[in-house]
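Residue numbers (the numbering used here), protein chains in the order written: chain R, 8 to 332; chain L, 8 to 332; chain C, 8 to 332; chain P, 8 to 332. Read through the structure below, which is laid out as structure tokens, and then see the notes.
There are 4 protein chains.
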Amino acid sequence: MQIGIIGLGRMGGNIARRLMRAGHDCAVYDISAQARADLSKDGARPAETLEGLVASLTDGPRALWVMLPAGKITEGTIAHLASCLAPGDIIIDGGNTYYKDDMRRSAELAKTGIQYIDVGTSGGVWGLERGYCLMIGGETDAVTHLDPIFAALAPGRGDIPPTQRATGSDARVEQGYIHAGPAGAGHFVKMIHNGIEYGMMQAYAEGFNILESKNAEALPVNERFALNVADIAEVWRRGSVVTSWLLDLSAAALARDPHLDGFSGYVEDSGEGRWTVEAAIEEAVPAEVLTASLYTRFRSRQTHNFAEKMLSAMRLGFGGHMEKA
Amino acid sequence: MQIGIIGLGRMGGNIARRLMRAGHDCAVYDISAQARADLSKDGARPAETLEGLVASLTDGPRALWVMLPAGKITEGTIAHLASCLAPGDIIIDGGNTYYKDDMRRSAELAKTGIQYIDVGTSGGVWGLERGYCLMIGGETDAVTHLDPIFAALAPGRGDIPPTQRATGSDARVEQGYIHAGPAGAGHFVKMIHNGIEYGMMQAYAEGFNILESKNAEALPVNERFALNVADIAEVWRRGSVVTSWLLDLSAAALARDPHLDGFSGYVEDSGEGRWTVEAAIEEAVPAEVLTASLYTRFRSRQTHNFAEKMLSAMRLGFGGHMEKA
Amino acid sequence: MQIGIIGLGRMGGNIARRLMRAGHDCAVYDISAQARADLSKDGARPAETLEGLVASLTDGPRALWVMLPAGKITEGTIAHLASCLAPGDIIIDGGNTYYKDDMRRSAELAKTGIQYIDVGTSGGVWGLERGYCLMIGGETDAVTHLDPIFAALAPGRGDIPPTQRATGSDARVEQGYIHAGPAGAGHFVKMIHNGIEYGMMQAYAEGFNILESKNAEALPVNERFALNVADIAEVWRRGSVVTSWLLDLSAAALARDPHLDGFSGYVEDSGEGRWTVEAAIEEAVPAEVLTASLYTRFRSRQTHNFAEKMLSAMRLGFGGHMEKA
Amino acid sequence: MQIGIIGLGRMGGNIARRLMRAGHDCAVYDISAQARADLSKDGARPAETLEGLVASLTDGPRALWVMLPAGKITEGTIAHLASCLAPGDIIIDGGNTYYKDDMRRSAELAKTGIQYIDVGTSGGVWGLERGYCLMIGGETDAVTHLDPIFAALAPGRGDIPPTQRATGSDARVEQGYIHAGPAGAGHFVKMIHNGIEYGMMQAYAEGFNILESKNAEALPVNERFALNVADIAEVWRRGSVVTSWLLDLSAAALARDPHLDGFSGYVEDSGEGRWTVEAAIEEAVPAEVLTASLYTRFRSRQTHNFAEKMLSAMRLGFGGHMEKA
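This is the structure we're talking about:
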């Protein structure tokens with residue numbers, strides 16, 4: 008089917024490509040002429056303005072997939088887009104938008120008859136080949152209308168062993184996409200996905216750190232091992248309880264750079280980890296691990312913080328210990 | 008090759024079976040006559056005493072795999088066994104022993120010429136079919152001698168995509184077993200494996216809890232969704248960043264029992280999670296997530312604790328708030 | 008000076024009383040006739056409506072202290088009050104309002120010329136006698152105008168040893184009140200005060216729990232002590248590093264009820280603890296302890312949660328362990 | 008009474024001085040001639056060897072207070088001392104010894120008839136003037152015999168408001184010393200005291216950090232305040248819920264150095280914080296806050312750790328994000 012795609016970065020460009028490979032007709036827009044030209048070579052129909060993009064879509068209702076950084080850019084683009092569309096048309100936000108923004112926007116757009124769909128999209132740079140796991144929120148009619156798009160983007164069953172599920176279970180989830188609920192539900196589920204991702208990553212990171220630190224010269228000789236962390240990551244990929252795709256990636260990274268000297272240790276975080284903590288607090292449920300995973304990233308970006316200096320100041324106060332630098 | 012196996016529970020029995028399927032000759036012992044009889048039906052040679060088991064091993068050096076609960080039982084069995092063996096014979100502790108106990112035992116047995124190998128064994132009830140991921144500590148000669156045993160127990164390459172590794176990398180790890188280092192190194196690596204397992208499990212648990220709690224009547228209607236947690240677990244198995252074997256198991260459990268009503272929420276822990284924290288502390292490295300994962304299990308087994316009562320007592324003290332029951 | 012006080016609960020009533028003891032003229036309002044009558048007996052001038060309260064204030068600019076539960080009640084009362092006031096009049100929110108609500112309200116009221124002051128008020132049920140520690144946000148003129156009120160409510164220097172401070176330091180803080188900054192700054196500082204309070208309480212709670220649990224029958228006899236936790240709390244009040252007012256309250260509570268049998272262990276939390284975590288996240292700084300303190304309270308109010316059931320479900324999946332109830 | 012004191016560092020020297028001020032007869036020993044000379048000037052009887060020290064004690068049973076760094080030095084000194092003593096003599100370990108070492112030593116010494124007392128000593132550099140809070144473990148006879156020593160070292164009632172306690176309560180705790188239980192109980196209680204101290208310090212540190220970071224240029228201008236953290240610490244000393252001695256020390260430090268520029272942020276930890284975590288784990292009770300407080304100190308001493316690099320490596324693996332340095 009026909010779809011317009013706005014934002015041709017790493018994610019948006021590959022989404023267009025995967026759709027075209029499945030035979031869909033992609034009209035595309037990006038502020039970068041280079042990005043438009045690249046997609047054009049791969050078979051997309053580029054437009055130089057949002058208006059032009061909308062005009063190039065001939066099938067109704069028109070479907071427009073916005074794939075931009077969450078926040079002001081997405082917000083402004085959707086507002087602009089809405090001004091070009093007609094009742095019945097569908098805006099899809101495939102980025103990492105905060106689910107409460109989806110709920111608000113969906114309600115606002117509903118007044119004009121424009122349909123709004125939020126899609127959490129997982130798969131990263133591997134999605135073009137592996138497919139994208141899609142978590143979708145919005146009205147059923149629009150989700151059903153877009154089914155060919157979702158089916159093309161999703162990974163499909165692949166060779167993943169089937170789970171024994173109840174008769175009548177939603178078959179789409181076995182293809183790798185889910186209609187999670189009304190507006191916001193897609194991004195809510197994606198947000199939690201990322202929260203879990205933070206926790207899993209931190210679990211591996213701490214474990215590998217304890218292994219690597221078991222080799223450290225700081226330990227007495229008779230308590231020290233000479234563990235090969237890269238080999239350990241590799242062996243765990245087979246038959247252990249901690250097998251996962253993140254472990255596969257870890258093993259590959261360690262095989263290339265056994266002590267990860269190529270990395271500084273400065274770690275960014277994105278909105279989903281933060282919003283996950285806020286969701287837990289709103290629900291009044293504990294989320295120790297997901298929160299601790301966020302905080303280690305915050306700390307990784309500081310040299311020292313005022314909190315630590317306060318500790319030293321108190322220690323000096325009661326014990327006369329002046330910390331060494 | 009020939010091997011004696013002591014302890015025919017869920018793990019030991021299946022280890023014997025997997026070895027026999029690979030053509031190895033298994034002499035077996037368990038205090039339960041029933042367990043001995045079961046293995047006998049599957050082709051093992053049962054012995055009624057440890058002495059009898061040792062006597063039934065005709066090839067030298069004799070190899071004895073102890074697969075018993077860590078602690079006193081394993082300790083006593085190994086001491087007893089050592090008294091029946093000769094220099095050069097090999098005792099393998101395949102259980103979940105604390106790695107410092109391995110280091111001590113190995114040094115003690117070395118005085119008598121008996122070789123000691125510690126093997127961390129992952130794979131649980133699935134190991135018979137999937138194979139066991141083995142983490143091995145001990146002297147190289149003994150590890151090399153036992154290679155046919157380890158190779159038979161390990162999963163092998165299977166259909167897991169290979170990692171691009173440096174020329175000359177240890178090929179055994181791609182088969183699912185590793186010689187991690189000297190005595191204790193095998194159980195050390197297995198301990199950290201379990202520590203990571205705790206952290207990953209807790210990451211999923213917290214995430215699914217936030218999802219499930221998003222449906223809760225405690226929330227205002229307009230903040231509530233009706234998420235299908237079982238479907239979400241299933242969809243994440245395809246193309247998402249959080250795919251893992253633990254997710255496969257979670258999806259299967261949720262498909263059977265969507266709200267997990269069959270579980271009380273009381274969660275045990277085993278020694279490895281605790282020892283992982285102690286290892287982090289000995290190395291003076293933080294392990295927030297692995298530790299928090301342990302503490303949630305402790306808390307799950309209490310109705311209320313004294314700490315909580317202290318909080319209420321202080322609140323009453325300064326604010327006059329008497330907590331409701 | 009003359010002041011109107013709205014809300015005569017535990018906090019508001021005592022604030023009026025402490026002001027009257029210092030010779031101030033208090034007009035008061037509460038929806039409860041009983042509360043109005045009680046304050047009237049203590050010398051306040053009761054009004055039966057907000058309009059009546061405003062009318063009873065003869066000195067300009069009129070000052071009205073709102074002491075109500077944060078949220079809708081405070082919000083509505085301030086809106087109502089604003090409609091009765093004139094430019095230059097001052098509304099003081101002495102409750103536990105979210106500081107961003109202060110910032111918004113202050114900006115809105117500024118359009119009408121009404122001045123807005125936020126006051127974080129610490130001291131609980133002891134404030135009438137001990138005085139209240141006040142953290143004040145708003146424009147300097149209004150804060151200066153209200154100085155006699157703040158000075159009367161604050162504890163004063165008392166017998167607390169002075170800190171050696173720089174010449175020209177703000178002397179008011181040594182009296183127990185601070186002008187922390189513009190609108191919102193007062194409640195921001197109070198919010199962090201409460202965040203710290205959560206962390207300190209949890210630190211004591213965990214420590215006392217480890218002491219009490221050292222006596223538990225669950226431990227082997229030779230690892231058990233028979234510690235008198237109440238006596239330990241008492242002894243720490245003298246000369247130790249952990250002396251504090253919270254410890255004084257703990258010691259008093261334990262002296263009355265050594266095992267705290269009168270408490271269920273169900274612990275409420277209020278908004279400040281949650282907002283503190285959100286503030287840390289907005290600033291991208293870690294707050295492990297303050298957050299963990301919030302989560303233990305969440306957990307204290309659940310019997311078991313879905314997260315724990317997920318852990319058991321996974322354990323059953325890989326290990327065949329069915330948790331006991 | 009007469010007592011020998013071994014170890015004349017910051018703690019031991021002042022303990023001797025406080026005892027002499029109370030009229031006790033102190034024989035002292037230290038490896039440093041200077042330290043011996045200093046105490047001699049203050050009225051102590053110095054000895055040049057342990058043997059000489061023991062010989063200089065004329066009253067029986069002899070009491071020897073060891074005030075040395077926990078670990079090998081204390082262990083060796085006590086062993087040496089024991090070889091010079093006779094049945095009935097009393098060794099007091101006033102340092103920060105692990106309580107299980109006390110239990111072992113006490114049992115060993117009991118075979119020779121030597122009595123062993125463990126004393127946790129809190130008060131730091133302020134103890135000489137304020138007195139030391141003492142937590143004592145050991146047999147009742149020896150504790151009773153040493154009562155004049157403990158009474159002299161403890162702060163006494165001072166002007167701390169009394170707690171209403173049951174008739175017959177141990178009056179010594181109101182003087183600032185407690186006989187907590189048998190050998191090891193003193194250091195166990197002191198260990199938990201320090202664990203709580205870590206948690207309280209971290210609670211303040213995090214709170215002050217959120218305050219200080221609210222001024223940071225990293226925040227948008229309209230979300231920024233210009234809080235005076237030193238003034239806030241000072242104001243909280245009066246009437247707030249978070250008053251404490253640690254707050255007094257914090258306020259003094261901030262008054263001297265408002266942004267704590269004199270501190271690097273590198274923070275040491277001592278054994279008690281670690282042992283507290285181990286005690287919690289042995290009891291299977293959660294201690295989130297006390298543990299997190301330990302981990303932030305570990306992290307403060309690292310520039311970056313392998314865990315953080317692992318996170319970046321995984322992020323690069325799935326998302327193509329190369330972290331900036």
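Glycine included, C-beta positions come from ideal geometry on N, C-alpha and C. Remember, predicted model here, so these are calculated numbers, not experimental data.
Item	Value
Members of the segment 199-214 of chain R that neighbour chain L once the beta carbon cut-off is set at 9 angstroms	I199, H200, N201, G202, I203, E204, Y205, G206, M207, M208, Q209, A210, Y211, A212, E213 and G214
Rounded distance between the beta-carbons of R17(C) and V132(C), thought under 8 angstroms	6 angstroms
Coil, strand or helix - T250(R) by DSSP	coil
Minimum Cβ-Cβ distance from H337(L) to chain C less than 7 angstroms	Any property of residue 337(L) remains undetermined from this structure, which presents chain L solely from 8 to 332.
Local conformation of G127(C) per DSSP, three classes	strand
Span separating the alpha-carbon of T298(R) from that of D276(R)	12 angstroms
DSSP bridge partner residues for G144(R) (one or two, in chain order)	D125(R) and G188(R)
Beta-carbon proximity of L261(C) to A240(C), cut-off 7 angstroms	yes
Near the ligand GDP: T174(R) beta-carbon under 6 angstroms from a heavy atom	Looking at this structure, you won't find the ligand GDP or any other ligand, since it has none at all.
Bridge partner(s) assigned by DSSP for P53(C)	V35(C)
Proximity test, Cβ basis, 7 angstroms: I167(P) and chain L	no
Contacts around D46(L), its chain only, beta-carbon distance under 7 angstroms, and the 5 residues preceding and following it disregarded	Here the sequence assigns Leu to residue 46(L), which means Asp is not the residue at that position. Result list for L46(L): L15, G20, A23, V35 and P53, in chain order.
Interfacial residues, the segment 283-299 of chain R to chain C, with Cβ spacing under 9 angstroms	V284, E285, A287, I288, E289, E290, A291, V292, P293, A294, E295, T298 and A299
A158(C) versus R69(P) - alpha carbon distance	59 angstroms
C-alpha distance - A62(C) paired with G202(C), whole-angstrom precision	39 angstroms
Given 8 angstroms, three or more beta-carbon pairs between the segment 142-157 of chain C and the segment 189-206 of chain C	yes
Terminal residues of the beta strand (DSSP E) in which G11(L) lies	Q9 to I13
P162(R) beta carbon less than 7 angstroms from that of G246(L)	yes
Short Cβ contact (7 angstroms threshold) for S257(L) with Y211(L)	yes
Residue-chain proximity (Y139(L), chain C), Cβ-Cβ < 7 angstroms	no
Residues bridged to D100(R) (per DSSP)	V73(R) and D125(R)
Cβ-based burial, N229(R) [other Cβ within 10 Å; buried from 16]	exposed
Interface residues of the segment 319-330 of chain R facing chain P [CB-CB below 8 angstroms]	S319, A320, M321, R322, L323, G324, F325, G326, G327, H328 and E330
Under 7 angstroms from the C-beta of F305(C): neighbouring residues of chain R	A291, V292 and P293
Cβ of F232(P) within 7 angstroms of any chain B Cβ	This model lacks chain B altogether; the protein chains it does include are R, L, C and P.
Residue-level contact to chain P via CB, V248(L), 7 angstroms cutoff	yes
Beta-carbon proximity list for G278(C), same chain, < 7 angstroms, skipping 5 on both sides	A77, N103 and Y105
Presumed contact (8 angstroms Cβ cut-off) between Q209(R) and G206(L), rounded CB distance	7 angstroms
Whole-Å CB distance - L57(C) paired with L88(C), under 8 angstroms assumed	6 angstroms
Among A287(C), P293(C) and M317(C), nearest to S300(L) - alpha-carbon criterion	M317(C)
V4(L) at chain C interface by Cβ criterion, 7 angstroms	An answer regarding residue 4(L) cannot be provided, because it is not within the stretch 8 to 332 covered by chain L.
For D238(L) and A287(R), the rounded distance between their alpha carbons	21 angstroms
Burial state of R164(L), where buried means 16 or more other Cβ atoms lie within 10 Å	exposed
The alpha helix (DSSP H) enclosing F305(P), as first and last residue numbers	E295 to S307
Enclosing alpha helix (DSSP H) for S90(P) [first to last residue]	K79 to C91
Endpoints, alpha helix (DSSP H) assigned at S176(R)	Looking at the DSSP string, S176(R) is not in any alpha helix (DSSP H), and its letter there is neither H nor E.
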